[in-house]
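Participant:
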Amino acid sequence: MNNAVAEQKPILECRDLRKAFGAFEVLRSISFEMQAGVVLSVIGASGSGKSTLLRCLNYLEQPSSGVVFLDGEPIGLRRQADGGLKPDSPANIARMRAQIGMVFQQFNLWPHMSALENVIEAPRQVKGLKRAEAIEIGRHYLGKVNLLDKADAYPARLSGGQQQRVAIARALAMQPKVMLFDEATSALDPELTGEVLDVMRALAEEGTTMVVVTHEMRFARDVSDRVMFLHQGVIEEDGAPAQVFGNPASERCRAFLSSVAH
Amino acid sequence: MFSETLRQSLDLSIFWEYRQTLLVGLLQNVYIFFASAALAMALAVVVGLARLSKRFWVRGLSTFYVELFRNTPEFVLLIWVYYVLPILLSRLLATQFNLSPFLAAVLGLGVAYSGFMSETVRAGIQAIPKGHREAGTALGMRDGAILRRIVLPQALRRMLPEMLSQLVSLFKATSIVSLIAVPDIMYQVSMVNVEQMRPLPLYTGAALLFCLVIISATQMIQILSERWRRRGWA
Amino acid sequence: MLDNFNRFVIPNLGLFMDGLTITVRICAIAFAMAVVMGAIACLIRLYVPVLRYFAIAYIEFSRATPIIVQLLWVNYVWPELFGFPKSVEWAGIIALAIQSSGYLAETFRSGIEGLARGQVEAGLAVGMTRAVAFRRIVAPQAVLVMAPSIINQFAVVVKASTLVSIIAIPDLMYDALKVVNQWFEPIEVLTSVAVLYILTIFALSATAKRVADHFRGKYGLDAQA
Chain A
1325 MNNAVAEQKP
1335 ILECRDLRKA
1345 FGAFEVLRSI
1355 SFEMQAGVVL
1365 SVIGASGSGK
1375 STLLRCLNYL
1385 EQPSSGVVFL
1395 DGEPIGLRRQ
1405 ADGGLKPDSP
1415 ANIARMRAQI
1425 GMVFQQFNLW
1435 PHMSALENVI
1445 EAPRQVKGLK
1455 RAEAIEIGRH
1465 YLGKVNLLDK
1475 ADAYPARLSG
1485 GQQQRVAIAR
1495 ALAMQPKVML
1505 FDEATSALDP
1515 ELTGEVLDVM
1525 RALAEEGTTM
1535 VVVTHEMRFA
1545 RDVSDRVMFL
1555 HQGVIEEDGA
1565 PAQVFGNPAS
1575 ERCRAFLSSV
1585 AH
Chain B
7 MFSETLRQSL
17 DLSIFWEYRQ
27 TLLVGLLQNV
37 YIFFASAALA
47 MALAVVVGLA
57 RLSKRFWVRG
67 LSTFYVELFR
77 NTPEFVLLIW
87 VYYVLPILLS
97 RLLATQFNLS
107 PFLAAVLGLG
117 VAYSGFMSET
127 VRAGIQAIPK
137 GHREAGTALG
147 MRDGAILRRI
157 VLPQALRRML
167 PEMLSQLVSL
177 FKATSIVSLI
187 AVPDIMYQVS
197 MVNVEQMRPL
207 PLYTGAALLF
217 CLVIISATQM
227 IQILSERWRR
237 RGWA
Chain C
108 MLDNFNRFVI
118 PNLGLFMDGL
128 TITVRICAIA
138 FAMAVVMGAI
148 ACLIRLYVPV
158 LRYFAIAYIE
168 FSRATPIIVQ
178 LLWVNYVWPE
188 LFGFPKSVEW
198 AGIIALAIQS
208 SGYLAETFRS
218 GIEGLARGQV
228 EAGLAVGMTR
238 AVAFRRIVAP
248 QAVLVMAPSI
258 INQFAVVVKA
268 STLVSIIAIP
278 DLMYDALKVV
288 NQWFEPIEVL
298 TSVAVLYILT
308 IFALSATAKR
318 VADHFRGKYG
328 LDAQA
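Residue numbers (the numbering used here), protein chains in the order written: chain A, 1325 to 1586; chain B, 7 to 240; chain C, 108 to 332.
1. Taking only beta carbons into account, state which residues of the segment 15-38 of chain B come closer than 8 Å to chain C, listed in chain order.
2. Out of C:I201, C:R323 and C:V286, point me to the one whose CA is closest to P118 (chain C)'s CA.
3. So what does DSSP say about R216 (chain C), is it helix, strand or coil?
4. Using a 10 Å radius around the Cβ and a threshold of 16 neighbouring Cβ atoms, would you call S96 (chain B) buried or exposed?
5. Who are the neighbours of R1421 (chain A) on chain B, taking C-beta pairs under 9 Å?
6. Measure the alpha-carbon distance for K1454 (chain A) versus R1448 (chain A) and round it to whole angstroms.
7. Does the segment 174-194 of chain B touch the segment 1560-1572 of chain A, meaning 3 or more C-beta pairs lie closer than 8 Å?
8. Is Y1478 (chain A) near the ligand COA, going by C-beta to nearest heavy atom under 8 Å?
9. Alpha carbons only, please: which of A:D1476, A:L1471 and A:A1495 is nearest the one belonging to M1534 (chain A)?
10. Below 7 Å on C-beta distance, what does E168 (chain B) contact in chain A?
11. I'd like the ranges of any alpha helix (DSSP H) spanning at least 4 consecutive residues and lying wholly in the segment 1340-1407 of chain A.
12. According to DSSP, is A1495 (chain A) part of a helix, a strand, or is it coil?
13. Helix or strand or just coil, what does DSSP make of E1560 (chain A)?
14. Any residues in the segment 184-208 of chain C with a beta carbon nearer than 7 Å to a beta carbon of chain B? Which ones, in chain order?
15. Could you compute how far the alpha carbon of M1358 (chain A) sits from the alpha carbon of A1511 (chain A)?
16. So with CB distances below 9 Å, who are the chain A contacts of Q160 (chain B)?
17. Assign Y71 (chain B) to buried or exposed, taking buried as 16 or more other Cβ atoms, counted over all protein chains shown, within 10 Å of its Cβ.
18. Got a sec: which bits of the segment 70-94 of chain B sit with their beta carbon under 8 Å from any beta carbon on chain C, in order along the chain?
19. Does P207 (chain B) come within less than 9 Å of chain A when only Cβ atoms are used?
20. Extract the residue ranges of the alpha helix (DSSP H) inside the segment 140-181 of chain C, only unbroken runs of 4 or more that lie entirely within it.
21. P1479 (chain A) lies in the alpha helix (DSSP H); which residues open and close that run?
22. Cα separation between G1373 (chain A) and K1474 (chain A)?
23. Between A:H1555, A:L1401, A:A1497 and A:A1526, which has its C-alpha nearest D1546 (chain A)'s C-alpha?
24. Taking C-alpha atoms, which residue in A:M1552, A:A1439 and A:P1500 lies nearest to G1484 (chain A)?
25. M124 (chain C): which of C:A310, C:L158 and C:V300 sits nearest, CA to CA?
26. Could you list which residues in chain C have their beta carbon closer than 7 Å to that of A43 (chain B), in chain order?
27. Quick check: the Cα distance between L1432 (chain A) and G137 (chain B), rounded to an integer number of angstroms?
28. Check the Cβ-Cβ distances between I131 (chain B) and every residue of chain A, and say whether any is below 9 Å.
29. Taking R1421 (chain A) and N1382 (chain A) to be in contact with their CB atoms under 8 Å, please state how far apart those CB atoms are, rounded to whole angstroms.
30. I need the straight-line Cα distance from F161 (chain C) to D320 (chain C), nearest angstrom please.
31. Under three-state DSSP, which class holds P293 (chain C)?
32. Alpha carbon to alpha carbon, what distance is there between L173 (chain B) and Q194 (chain B)?
33. Taking only beta carbons into account, state which residues of the segment 209-230 of chain B come closer than 7 Å to chain C, listed in chain order.
34. Bridge partners for H1555 (chain A) per DSSP, in chain order?
35. Let me know if S184 (chain B) comes out buried or exposed under the rule of 16 or more other beta-carbons within 10 Å of its beta-carbon.
36. Please report the straight-line C-alpha distance between A1493 (chain A) and E1561 (chain A), rounded to a whole angstrom.
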């Protein structure tokens, strides 16, 4: 019974999310729920709002309206006694972000810190862990992405694929409830995408909750549990990969898939 | 005739004779240099950050500060701080307020160079890719921690070579403090000249002395910058 | 305060105008000399063997010595050593010119060296001599890129010129200090003079920035500011 209730409660929920830059509406009423352990791939043409959606999920981008709930808690807003919502303090927003891992297209490793230092920085600064504890966790996650031997290397000495794997370890080290991947392989040379996708696949198999914005249609089809197609800021198609790729209901989704399937 | 005056000009024995007085003078330059450098760099970090503020009025105010002091001749500022500032402060505080020549020199030079240096700080911070900050934000780090742990350590390394060359300029500029009666090296040289009336070796020697100090400092900075570049720091 | 302004600034406007005239004259002549001397030093450093070491020594010396030291040195040592300058005003001009010529020589050099090698080669390839290629291709581009730095250097000359009063040249700063020492009422006089200098120098550096932006927009060149 308890289990059934826990399964019902979504780990991530978007309610009527909208985002406009000036007069330009990038996201127009996005609503969805997502259960823990699910791998959700978000696909769509460039400019469809995929990345903006991802950046709204951890409040890097402040939504124009609408709310994102993580594990039932609204992000960026605080519930009032009367049930209304008001803007949250920076400290609380940071606390919520710490529970959402994000991997960027450009890796964004900090060049003045070694791989291990990159990974332990947030556990030390945000969670206040002792150095020894943080190092233990850091080495664990570097091992997970097969880069334990590069722990002391500076980012400039690592290949793009290695840098992105360190960035994944950095996000994992905070033991987040959800991992967001923002086109994690788009900045990589084709021969280096494999090693990053392998790591992501292994995470998916372990049951990590993931939202993956990607151009890799094979990854979306083979690894995810659910695929969402975004077009001009609207969810056009949302379903199991077999359905979305095999028999999409939306004409636009069909056209998009045939344009990328070459 | 020419070779005789040249020999006189380069006869620097008078420097040895007055070595104690002159060294005491040079020490004043060194003290003023360190004090005004510390002041200038502290102000530069604050003003450089203010120039990047989200608030319109903070940006406006800091821009005014930078333009004001970058465009003021150091000598004019020094004289103004020495003569005018104490009177204004005395009237403002309704008490007698005095500024020693030493303090006026530190204040004047420190503020003057903070204008230039804040631009270096601003450029150094702006050169850090936005994504480095976002990565910290996404991990739940607060703005203060991101500034302290991610932005400033990188920015400081980037701006180091230019900061050092500005410090060299600052040391050169300390030569004008003699004009508000700080007993620095140029003040002592002039005193010895009054006593001995031997301007040829005295002023030639002073020029060579500064040359020596500045060129060796510049060389050292170049070697260091090169080393930092090779380590991928700067 | 307005009262003091009327008492000490207004009656001395004539004196200050005389000082300003001298300041402008000194700065203009010194800057013109600095451009010529800087260009010569730069060309020797780049293209004349053996002599280039003297050019390097000159450039390094002029940049490593504070302006006040050069002023005193030229004013007291040169007349004995070389028989000139004959007046304090010329001593001031020469010292300012020496100081700036060193910086300008390095500006010119980086402008020329920054130019892609292919530019000269393209000229040679269509049959130009080296001299023609320099005059028609290298120099115009280098001047465009360097224009803002050159204007900025003029602002530096104006700043440094405030110091010529120490060798008793009656420039604007000298007259201001004279009035201050006469009445011991420094606030209005020194503040007025400071504002005048600041506005002049600001106008010069703002022009330099405009020029830099203009070239960046027009040619896509990254001008040195």
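The beta carbon of each residue, even a glycine, is placed where N, CA and C say it ideally should be. On a predicted model such as this, the values are computed, not experimentally measured, just so you know.
Facilitator: Let me lay it out:
1. Contact residues of the segment 15-38 of chain B toward chain C are S15 (C-beta to C-beta distance below 8 Å).
2. The option with the nearest alpha carbon to P118 (chain C) is C:V286.
3. If DSSP states are grouped into helix, strand and coil, R216 (chain C) belongs with the helices.
4. That one is exposed.
5. Contact annotation for R1421 (chain A) against chain B: T143, A144, L145, G146 and M147 [CB-CB distance below 9 Å, chain order].
6. Near 7 Å, if we compare the C-alpha coordinates of R1448 (chain A) and K1454 (chain A).
7. No, they do not touch.
8. What this structure holds is no ligand at all, so the ligand COA is not there to describe.
9. Checking every option, the nearest Cα to that of M1534 (chain A) belongs to A:A1495.
10. Neighbours of E168 (chain B) across chain A, judged by C-beta separation under 7 Å, do not exist; the nearest C-beta is about 18 Å away.
11. Within the segment 1340-1407 of chain A, the complete alpha helix (DSSP H) runs of at least 4 residues are 1374-1381.
12. Reduced to three states, the DSSP call for A1495 (chain A) is helix.
13. Three-state DSSP puts E1560 (chain A) in a strand.
14. So the list reads V184, E187 and L188, given in the order they occur along the chain.
15. Going by the C-alpha atoms only, they are around 28 Å apart.
16. The contacting residues are W1434, P1435 and H1436.
17. Classification of Y71 (chain B): buried, given that the 10 Å Cβ count is 16 or more.
18. Within the segment 70-94 of chain B, the residues whose Cβ lies closer than 8 Å to some Cβ of chain C are E73, L74, R76, N77, T78, P79, E80, F81, V82, L83, I85, W86, Y89, V90, I93 and L94, listed in chain order.
19. No, no contact with chain A.
20. Taken in chain order, the unbroken stretches of alpha helix (DSSP H) that lie wholly in the segment 140-181 of chain C and span 4 residues or more are 158-171.
21. Per DSSP, P1479 (chain A) belongs to no alpha helix (DSSP H) and is neither H nor E.
22. About 35 Å.
23. The residue with the shortest Cα to Cα distance from D1546 (chain A) is A:A1526.
24. Considering only alpha carbons, the answer is A:A1439.
25. Nearest of C:A310, C:L158 and C:V300 to M124 (chain C), Cα basis: C:V300.
26. Within 7 Å Cβ-Cβ: nothing; A43 (chain B) doesn't reach chain C, min ~16 Å.
27. For the record, residue 1432 (chain A) in the displayed sequence is Asn; it is not Leu. Going by the C-alpha atoms only, they are around 5 Å apart.
28. Output row for I131 (chain B): interface = no.
29. Contact flag correct, Cβ pair sits at about 5 Å.
30. In a straight line, the C-alpha of F161 (chain C) is about 36 Å away from that of D320 (chain C).
31. Here P293 (chain C) sits in helix by DSSP.
32. Each residue's Cα considered, the two are about 23 Å apart.
33. Those residues of the segment 209-230 of chain B that come within reach of chain C (Cβ to Cβ, closer than 7 Å) are Y209, T210, A212, A213, F216, C217, I220 and I221.
34. Beta bridge pairing from DSSP links H1555 (chain A) with A:V1558.
35. It counts as buried.
36. Between A1493 (chain A) and E1561 (chain A), the C-alpha separation is close to 32 Å.
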